[in-house]
Amino acid sequence: MKNNYNLVYYGVKYWDWEDEANKEAAEFLGGQGAEDSAEWEVFRMEENRIKLCNVKLKSNPALIVSLTEEDQLRVQPRP
């Protein structure tokens, strides 16, 4: 993805509207090389939490971020 300064980075995808995200998610994931878009879920997240996800990912495509059942962010190596 590209940030506001037109710099490429690896991070969490953000859409302004949930219906837009639901329409575009499968195509976006396919373009990112995700083999099975059904493994991914679109959900609402506050902007500051999205930024925290991106900080934890460190623009490193070898990492993934997920939420635990307790709603905590977890970063781990990509399987």
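Going left to right, the sequence shown walks through residues 6 to 84 as my numbering numbers them.
Even glycine gets a Cβ: it sits at the ideal position worked out from N, Cα and C.
DSSP places residue 34 within a helical segment (H, G or I) once states are collapsed to three.
Shown here for residue 35: same chain residues with a beta carbon closer than 8 Å to its own, the five before and five after excluded, namely 42 in chain order. Counted as a single uninterrupted DSSP element, the beta strand (DSSP E) harbouring residue 79 occupies residues 78-82. Judged by DSSP secondary structure, residue 12 falls outside any beta strand (DSSP E); it is assigned neither H nor E. Among the bridge pairs identified by DSSP, residue 70 is matched with 80.
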